[in-house]
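Trainee: Here our numbering runs 18 ahead of the position in the sequence shown, where the first position is 1.
Each residue gets a CB set at the ideal place from its N, CA and C atoms; glycine is no exception.
This one's a predicted model, so the numbers in the text were calculated from it and none came from an experiment.
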Amino acid sequence: MKRILITGGSSFIGSHVKAYLKQWPESYQVEAISLRGEDWRQCSFAGFDAILHAAGIVHQPQSKDDPSQAELYDRVNHRLTVEVAEKAKREGVGQFLFLSSESVYGLHAPVGKVITITKDTPLHPVDNYGISKAKAEEDLAALRDEHFQVVILRPPMIYGRGCKGNYQTLAKLAKKLPVFPLVENQRSMLYIDNLCELIRLLVEDGADGLFCPQNEEYVCTSDMVNRIAHADGRGILMVRGFGWALKLLRPMTGMVDKAFGSLCYDRSLSDYPKNYCIKSFDESIAETEGCK
Numbered sequence: 019m020k021r022i023l024i025t026g027g028s029s030f031i032g033s034h035v036k037a038y039l040k041q042w043p044e045s046y047q048v049e050a051i052s053l054r055g056e057d058w059r060q061c062s063f064a065g066f067d068a069i070l071h072a073a074g075i076v077h078q079p080q081s082k083d084d085p086s087q088a089e090l091y092d093r094v095n096h097r098l099t100v101e102v103a104e105k106a107k108r109e110g111v112g113q114f115l116f117l118s119s120e121s122v123y124g125l126h127a128p129v130g131k132v133i134t135i136t137k138d139t140p141l142h143p144v145d146n147y148g149i150s151k152a153k154a155e156e157d158l159a160a161l162r163d164e165h166f167q168v169v170i171l172r173p174p175m176i177y178g179r180g181c182k183g184n185y186q187t188l189a190k191l192a193k194k195l196p197v198f199p200l201v202e203n204q205r206s207m208l209y210i211d212n213l214c215e216l217i218r219l220l221v222e223d224g225a226d227g228l229f230c231p232q233n234e235e236y237v238c239t240s241d242m243v244n245r246i247a248h249a250d251g252r253g254i255l256m257v258r259g260f261g262w263a264l265k266l267l268r269p270m271t272g273m274v275d276k277a278f279g280s281l282c283y284d285r286s287l288s289d290y291p292k293n294y295c296i297k298s299f300d301e302s303i304a305e306t307e308g309c310k
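1. On a Cα-Cα basis, can you pick out the residue from A73, G148, P143, S33 that is closest to F116?
2. Given W58, which residues of its chain have a CB within under 6 Å of its CB, disregarding the five upstream and five downstream residues?
3. Take the Cβ of C61 as the centre, count every other Cβ of all protein chains shown within 10 Å, and call the residue buried at 16 or more, exposed below.
4. Would F198 and V237 be called neighbours here (beta carbons separated by less than 8 Å)?
5. Quick one: using the 10 Å Cβ neighbour count with 16 as the cut-off for buried, is N293 buried or exposed?
6. When you compare only the Cα positions, how much space is there between R258 and A189?
7. Just checking my contact of T99 with H71 at CB under 8 Å: how many whole Å lie between their CB atoms?
8. So for H96, helix, strand or coil by DSSP?
9. Which complete beta strand (DSSP E) runs does the stretch 174–220 hold, if anything under 3 residues is left out?
10. Quickly, what does DSSP pair C282 with across the bridge? List them, please.
11. Could you check if T25 is buried or exposed, using at least 16 other CB atoms within 10 Å of its CB as the buried criterion?
12. Suppose the cutoff is 6 Å on Cβ atoms and the five residues either side in sequence are ignored; what does the same chain contact list for S81 look like?
13. Closer than 8 Å is the cut-off here; do at least three beta carbon pairs connect the stretch 278–289 with the stretch 127–134?
14. What span of residues does the alpha helix (DSSP H) with K153 cover, start to end?
15. Give every residue of the same chain whose Cβ lies closer than 7 Å to the Cβ of E215, excluding the five residues on either side of it in the sequence, and list them in chain order.
16. Grab me the residues of S33's own chain with a C-beta within less than 7 Å of its C-beta, minus the 5 sequence neighbours each way, in chain order.
17. Using the Cα positions of G112 and E305, report the straight-line distance between them to the nearest angstrom.
18. Regarding L195 and the ligand COA, is the C-beta to nearest heavy atom distance less than 7 Å?
19. For D83, tell me which candidate among N146, R218, S29, S121 has the shortest Cα-Cα distance.
20. So for V35, helix, strand or coil by DSSP?
21. Using only the alpha-carbon positions, how far apart do Y209 and I246 sit?
22. Let's see if you can read the secondary structure: which residues bound the alpha helix (DSSP H) around T306?
23. Report all residues from its chain with a CB closer than 8 Å to the CB of E202; omit the five preceding and five following residues, and keep chain order.
24. Using DSSP bridges, identify the partner residues of R54.
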């Protein structure tokens, strides 16, 4: 039996991983711990095979570019992460899994342009969130040795039932608008169950290294909105010719590039010897929208 400790067990990812692993009670014993306050420092990590570090400040639009919030992001996403990992190593935990982000690349794809992240793409974080995650990655790598495996996960946009962020924004539009721009773009996305399965496999295999997971297929935003609308039992008209309007809107909101730009991981970055994409895109939308 594998014993797994999750920090940030009430987070979207932490809570889903814990629930997902309950399918195998004979194989995984999962516990969660809060890092708020100081009590966690008195808890023993001895006896755990792996720690999934899901605690942290998420990518919040109101604070990610605020210089006054940089220290807070660094304290929570960087220094606290390293402190937890150092304690885990001292107390004999064999594997530390860190949820980083695609944001460490600092890339945004303008409408009409395709940007593909490859193994040679350098890290160039541009906001508090990405900078704090990149710093944590660097310091965690220094802790790695033959007895302490460090897994860095850089997922793209994660979605699933109960998620927040850009997916929910698009879902609300899909359920209200009668028409939507038809733009042919490609984005890497990751359904929460596919991430949970990868984490299970990584723990099972005692893996080490960098992983950039994504769904098997790239996602077109217009297609996704269309599928969400249909899952909600309504039709939505997809209309071409909005490219010029979107380009005019770009300087006013970053949402345009996030929704309609083409930002993808090269498929080779997401390879793993075992299949972790257990849900197709259609299945993931149906489950996210409560249709299954």
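Mentor: Here's the rundown:
1. Nearest C-alpha to F116: A73.
2. Within the same chain, and ignoring the five residues on either side of W58 in sequence, the residues whose Cβ sits closer than 6 Å to its Cβ are I51.
3. Result: exposed.
4. Going by beta carbons, F198 and V237 fall outside the 8 Å limit.
5. By the neighbour-count rule (16 or more Cβ atoms within 10 Å), N293 is not buried but exposed.
6. Looking at the backbone, the Cα of R258 and that of A189 are separated by about 20 Å.
7. Contact between T99 and H71 holds: their C-beta atoms lie close to 6 Å from each other, under 8 Å.
8. Here H96 sits in helix by DSSP.
9. Correct list: 175–177, 197–199, 207–209.
10. C282 pairs with T134.
11. Result: buried.
12. Contacts found: Q87.
13. Of all C-beta pairs linking the stretch 278–289 to the stretch 127–134, three or more are shorter than 8 Å, placing the two stretches in contact.
14. Looking at the DSSP string, the run of the alpha helix (DSSP H) that includes K153 is 146–159.
15. Taken in chain order, the residues that qualify are Y294, I296.
16. Answer for S33: G27, listed in chain order.
17. Rounded to the nearest whole angstrom, the CA to CA distance from G112 to E305 is 34 Å.
18. The ligand COA is not among the ligands present in this structure, which contains no ligands whatsoever.
19. Out of N146, R218, S29, S121, the CA that lies nearest to the CA of D83 is found in N146.
20. Three-state result, V35: helix.
21. When the Cα atoms are used, Y209 and I246 turn out to be separated by approximately 14 Å.
22. 299–306 is the extent of the alpha helix (DSSP H) around T306.
23. Result list for E202: C238, S240, in chain order.
24. For R54, which the question treats as bridged, DSSP gives no partner whatsoever.
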